[in-house]
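Asker: Have a look at the structure that comes next, please.
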């Protein structure tokens, strides 16, 4: 029902197995970070990989989702599920407004406009009182899920994060393989032809953008819940750059690429964290290598070697 | 003291001047971006980092070699311009056959590397650069006191912007350049070495950014993040102006600087976002930008 090919089904179950086993061997908080970023990257990939539009402002949706979830958890004491849904809705609402403006241009201009609009959101967050400026919203409780499941233990939180990630991943796959997704691919390949066939391409692009932003908001909200904090880092442009890098490294337009990219990049940041700005330098070098020599990305290269679409 | 709209005159003019200075940097940076985009069809994300390198270069010339402000106004753009040429020759030139977005990603990576390296070696707190003796002090203009250095920056920026415009619009080199922007294969068929022209264009655009960096060094503290702070706003300026015309990007740059300065007087909280709000309005009414030619 999700339109997976046989190879993708195998890869999907391997991924699920790894997600199920890894918390018994690795630090769950690190894994949750990977899963949140992986969902964020998959959401971003929906735009670049299947609509062909590079958004350089996805941090705005991630960050605002994270702020809203953190705020509603801390001050309204909502149920965790509701707070995350609100985070996703915030991403979607913001995506609707910013996307409406940005899809008026394509290509490089789309990237610049999304970057500039996201920067506007960043300055708004810097000034607005509800974000607590430089301090961010701290000590957010993880709360209770569906009124019964206490999320304060890392393992419980991990299963929730894993469930959200897999649900988001399957949703994106479902979107891509729906008739709607086929139209998106058609627009990516040849927009004038799609227009001449009677499709309102701008509407399609906007819907895809809103869906992508909604999932980015969910990812941000989940991240706020895991770490109990929402800060300006989540909404600032380096976060946008990071999600571009994860997707590029894993493979633009591949199904599993963003997940792979997130695993590799998060692991790298984890090990390099003590070296300060060398993380930035390394990220830059990976960008350059990927663009110059490695445009298919890790998963794209593996798929090419095995002659499979992963 | 006289008042304008209930605001003391000197305060108003002071902010307009500050706005003009920011506008001067927007104009020089968006001009370089537009020239590079015209020839190379890439958005040079590393522009802010190269601007920062210009400022650092003049700081290094002063502190390591004892070379003062005025010589470094020529030396620093030359050095960074050559660095830009090396970048173009070694990495950027490999991307011309690919989708334009790869150019954006590559130069974004370059910017991360450059800024990360400078942050590692010089920290992010910022280094002071003294205003040259000759330009210290202030002049009484009758309605306000103007710090000499700030007046100098605006003056020099205007001169540089118009010289760039004159070179591109009024000289034969500029004519070749414009022709190559329109139709590179045809110009090449006439025996012009287009790849070299592209390299020189990139070098020139980078030198312009570095020159802006030298001008900025005494105003803002020289720090690795100074370019990024500017470049995000400059992208909005470029979207507002559209990249079709040289003069257009200069005018847009200065105008937005002044608008930002005025906003600081009347509604300080919005001063950081006003450029983006203008961009939203332009996108709603004239998506190709004020001076843009194609959608």
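Chains as they are written, first to last, in the numbering used here: chain B, 1 to 310; chain V, 1 to 295. For every residue, glycine included, the Cβ atom is placed at its ideal position computed from N, Cα and C.
Tell me where the alpha helix (DSSP H) around residue 26 of chain V begins and ends.
Answerer: 9-40 is the extent of the alpha helix (DSSP H) around residue 26 of chain V.
Asker: So with Cβ pairs under 8 Å, would you call residue 100 of chain V a contact of chain B?
Answerer: By this cut-off, residue 100 of chain V is an interface position.
Asker: Mind checking which residues open and close the alpha helix (DSSP H) that includes residue 246 of chain B?
Answerer: From DSSP, the alpha helix (DSSP H) with residue 246 of chain B extends over 237-250.
Asker: Take every Cβ of the segment 100-109 of chain V, pair it with every Cβ of the segment 211-226 of chain V, and state whether three or more of those distances are shorter than 8 Å.
Answerer: Judged by Cβ distances under 8 Å, the segment 100-109 of chain V makes no contact with the segment 211-226 of chain V, as fewer than three pairs qualify.
Asker: What span of residues does the beta strand (DSSP E) with residue 147 of chain V cover, start to end?
Answerer: Per DSSP, residue 147 of chain V belongs to the beta strand (DSSP E) from 145-147.
Asker: Quick one: is residue 288 of chain B near chain V, going by C-beta distance under 8 Å?
Answerer: Yes, contact with chain V.
Asker: Quick one: grab the DSSP three-state call for residue 149 of chain B.
Answerer: If DSSP states are grouped into helix, strand and coil, residue 149 of chain B belongs with the strands.
Asker: Check each candidate in V/124, V/198, V/208 and name the one with the smallest Cα separation from residue 184 of chain V.
Answerer: The residue with the shortest Cα to Cα distance from residue 184 of chain V is V/198.
Asker: Counting only beta-carbon separations shorter than 8 Å, does residue 119 of chain B have a partner in chain V?
Answerer: With 8 Å as the cut-off, residue 119 of chain B counts as an interface residue toward chain V.
Asker: May I ask you to list, following chain order, the residues of the segment 230-242 of chain B that have a beta carbon less than 9 Å from some beta carbon of chain C?
Answerer: Included in the structure are the protein chains B and V, with no chain C among them.
Asker: Might you give, ordered along the chain, the residues of its own chain that have their beta carbon closer than 8 Å to the beta carbon of residue 255 of chain V, omitting 5 neighbours on each side?
Answerer: 23.
Asker: Could you check whether the Cβ of residue 8 of chain B sits closer than 8 Å to any Cβ belonging to chain V?
Answerer: No, residue 8 of chain B does not count as interfacial toward chain V.
Asker: On the premise that residue 34 of chain B lies in contact with residue 208 of chain B, defined as a C-beta separation below 8 Å, what is that separation, rounded to the nearest angstrom?
Answerer: About 25 Å; that fails the 8 Å criterion.
Asker: Measure the Cβ-Cβ separation of residue 86 of chain B and residue 69 of chain B and say whether it is below 8 Å.
Answerer: Taking 8 Å as the Cβ cut-off, residue 86 of chain B and residue 69 of chain B qualify as a contacting pair.
Asker: If you draw a straight line from the alpha carbon of residue 91 of chain V to that of residue 196 of chain V, how long is it in whole angstroms?
Answerer: Straight-line Cα distance between these residues: approximately 15 Å.
Asker: In the DSSP assignment, what are the bridge partners of residue 144 of chain B?
Answerer: Note: residue 144 of chain B sits in a beta bridge opposite B/150.
Asker: Mind checking the segment 28-52 of chain V against chain B and listing, in chain order, the residues whose C-beta falls within less than 7 Å of any C-beta there?
Answerer: Residues passing the 7 Å Cβ filter: 43.
Asker: Which word fits residue 121 of chain V, buried or exposed, when buried means at least 16 other C-beta atoms lie within 10 angstroms of its C-beta?
Answerer: Burial call: exposed.
Asker: Could you confirm whether any beta carbon from chain V is found closer than 8 Å to the beta carbon of residue 15 of chain B?
Answerer: It does not; no Cβ of chain V falls within 8 Å.
Asker: Just tell me which of V/12, V/10, V/19 has its CA closest to the CA of residue 261 of chain V.
Answerer: Of the candidates V/12, V/10, V/19, the one whose C-alpha sits nearest the C-alpha of residue 261 of chain V is V/19.
Asker: What ranges does the alpha helix (DSSP H) occupy inside the segment 67-93 of chain V, keeping only unbroken runs of at least 4 residues that lie completely in it?
Answerer: Runs found: 69-90.
Asker: Please state whether the Cβ-Cβ distance between residue 53 of chain B and residue 185 of chain B is less than 8 Å.
Answerer: Contact flag unset, no.
Asker: Can you tell me whether DSSP reads residue 140 of chain V as helix, strand or coil?
Answerer: Residue state, collapsed to three classes: strand.
Asker: Could you tell me whether the segment 10-18 of chain V touches the segment 141-153 of chain V, where touching means 3 or more Cβ pairs closer than 8 Å?
Answerer: Verdict: yes, contact present.
Asker: Is the segment 272-280 of chain V touching the segment 231-238 of chain V in the sense that three or more CB pairs, one from each, lie closer than 8 Å?
Answerer: Segments in contact, yes.
Asker: Quick one: what does DSSP say residue 192 of chain V is sitting in, helix, strand or coil?
Answerer: In the structure shown, residue 192 of chain V sits in coil (DSSP, three-state: anything other than H, G, I, E or B).
Asker: For residue 220 of chain V, would you say it is in contact with chain B, using Cβ-to-Cβ distances shorter than 8 Å as the test?
Answerer: Taking Cβ atoms only, chain B never reaches closer than 8 Å to residue 220 of chain V, which makes this a no.
Asker: Under 7 Å, CB to CB, which of the residues in the segment 71-83 of chain B have a partner in chain V?
Answerer: Cβ contacts with chain V: none found.
Asker: Once you ignore the five residues that flank residue 295 of chain V on each side, which residues in its own chain have a CB closer than 7 Å to its CB?
Answerer: With a pLDDT of only 44 at residue 295 of chain V, under 50, the local geometry of the prediction cannot be trusted, and the value read off the model is given with reservation. These residues qualify, in order along the chain: 287, 288.
Asker: Please classify residue 249 of chain V: is it buried, with 16 or more other beta-carbons within 10 angstroms of its beta-carbon, or exposed?
Answerer: Per the 10 Å Cβ criterion, buried.
Asker: Look up residue 255 of chain B in the DSSP assignment and say whether it is helix, strand or coil.
Answerer: In this structure, residue 255 of chain B counts as coil in the three-state DSSP scheme.
Asker: CB-CB under 7 Å to residue 191 of chain V, same chain, minus the five flanking residues each way: which ones, in chain order?
Answerer: If we look at residue 191 of chain V and ignore the five residues flanking it on each side, it has no Cβ neighbours.
Asker: For residue 111 of chain B, would you say it is in contact with chain V, using Cβ-to-Cβ distances shorter than 8 Å as the test?
Answerer: For residue 111 of chain B, the answer is yes, since a Cβ of chain V falls inside 8 Å of its Cβ.
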